[in-house]
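Report on the following structure.
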Amino acid sequence: MEAAAELALRLRAAANDRLARYEPLALVAAPLLALLVARTLHAAASAVADRGLVAIAIAAVKLLPGVSGYIAAEKKKVVDKMQSGGTSTKNNRRAELPTIGLGEQVIKDLETLKAKDVEWQGKCSGTVYIAGSESEGHFELINKAYSMFSHTNPLHQDVFKSVAHMEAEVVAMTAALLGSKEKSSGGQICGNMTSGGTESILLAVKTSRDYMRSKKGITKPEMIIAESAHSAYDKAAEYFNIKVRRVPVNKEFLADVKGFKRCINGNTIMMVGSAPGFPHGLIDPIEELGELASRYDICLHVDLCLGGFVLPFARKLGYPIPPFDFSVKGVTSISSDVHKYGLAPKGTSVVLYRNHEIRKHQFVAVTEWTGGLYVSPTIAGSRPGGLIAGAWAAMMLLGQYKSYHGSFKENTKRVNLFAYNACILD
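This note's numbering applies: residue -4 is where the sequence shown begins, and numbers increase by one.
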């Protein structure tokens, strides 16, 4: 003990001798400066890892005086063009309620506004998914269904039991198309209706984040997507503070499974596969992604917003469709838009989960509010029951074989004929 104490005293004396030549302020400032430099370097390294060196370089160039001014001028040109070419400019837009109600003039004003819409019938791929004049009867029915339930709100299921019943049936029918009847699905597929594909995606990402936090304690979540994945995943990442690992597509423009595997780490909460993807209309290798998700015990969301009401019928017609739904082990959630090829009114989509244990993380329940118990399953609180009724009516009107199946078969013939004629002309 004495030897150790003596050694400590000698070391202390030697240190004091060496440091005696420096000012006390320098001795305090030097380690603080070193710490500041270390933190700056760490932040820079993290920024490069998150955004990439090229993105950071571009951002730096944008800050230069001449460049930033040029960009601002170009942005102004775009905004001015949008405002001058739009149907509603600051000059003709109402800013206050009319002093006296307009009465029947409201309908005339609506007709005037409607006349400004683009002639979209059968000509707006990716915007309108239902044909023009030949579908007037379909529109008439879903509009009538909407009007019958336009006052309803599924937030209050004890009052509006009708729309709660219809929502449950829309979810169940959609789930049945996407593998809920398969033994491999586990028999617990559940979900909710949402306002569209983006909300379905937001909910699936939020639910996966919270589920993996509960299951694995992940507090710095990361999500792996292909560069072809819909922009809604970036939106979800921004909303819910999730880091995006973006993987380039392979030479076939599909999600690169090997690239996904390289990105998996202890913070990975989920991967995303598209069936099909929006840019190329191709189905990612969902089965391989499912194997990867199962092996590493992470979530896998399948984006069926476009394909949810197409691929099941293509498969029934005998087309070689690769596995894409809950029949694939490892798939934990699916989004499918009823308002696209489900031919329902705009504002209707479905988000599905493999089981209730996952879905419970989608809900928000407030029990200590002085206004009473508040439970909300989706991002919206109040929701339009009329849209649920319209979606239910569209699905019940068409059925599997009257229209969904038949329309797909007929449209496939048309596409093949078009492709054949295009080849001849070429």
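Note that beta-carbon positions come from the ideal geometry of N, C-alpha and C, so glycine has one too.
- Assignment of residue 66 by DSSP, reduced to helix, strand and coil, places it in the helix class.
- Residue pairing by DSSP places residue 370 opposite 360 in a beta bridge.
- Inter-residue distance for residue 52 and residue 289 is about 38 Å (C-alpha atoms, whole angstroms).
- For residue 187, the uninterrupted beta strand (DSSP E) segment begins and ends at 185 to 189.
- Looking at the backbone, the Cα of residue 203 and that of residue 186 are separated by about 14 Å.
- The criterion of a C-beta distance shorter than 8 Å is not satisfied by residue 189 and residue 362.
- In the structure shown, residue 220 adopts extended strand secondary structure according to DSSP, grouped into three states.
- Here residue 263 carries a strand assignment [DSSP, helix/strand/coil].
- Beta-bridge analysis with DSSP links residue 296 to 267 and 328.
- If you draw a straight line from the Cα of residue 227 to the Cα of residue 266, it comes to about 14 Å.
- Note on residue 356: 16 or more other CB atoms within 10 angstroms of its CB, so buried under the neighbour-count rule.
- Sequence-distant partners of residue 3 (beyond 5 residues in either direction) whose C-beta falls short of 7 Å from its own C-beta are missing from its chain.
- For residue 347, the enclosing beta strand (DSSP E) has its first and last residue at 344 to 348.
- In the DSSP assignment, residue 240 falls outside any alpha helix (DSSP H) and within the unbroken beta strand (DSSP E) covering 238 to 242.
- For residue 314, no alpha helix (DSSP H) segment is defined, and its DSSP state is neither H nor E.
- A straight line joining the alpha-carbon of residue 380 with that of residue 60 spans about 52 Å.
- Residue 345 places its beta carbon 8 Å or farther from that of residue 281.
- In the three-state DSSP reduction, residue 1 falls in the helix class (H, G or I).
- A direct Cα-Cα distance of roughly 9 Å separates residue 377 from residue 371.
- Judged by DSSP in its simplified three-state form, residue 253 adopts helix.
- Residues of the same chain with a CB within less than 7 Å of the CB of residue 136, apart from the 5 flanking positions on each side, are 388 and 392 in chain order.
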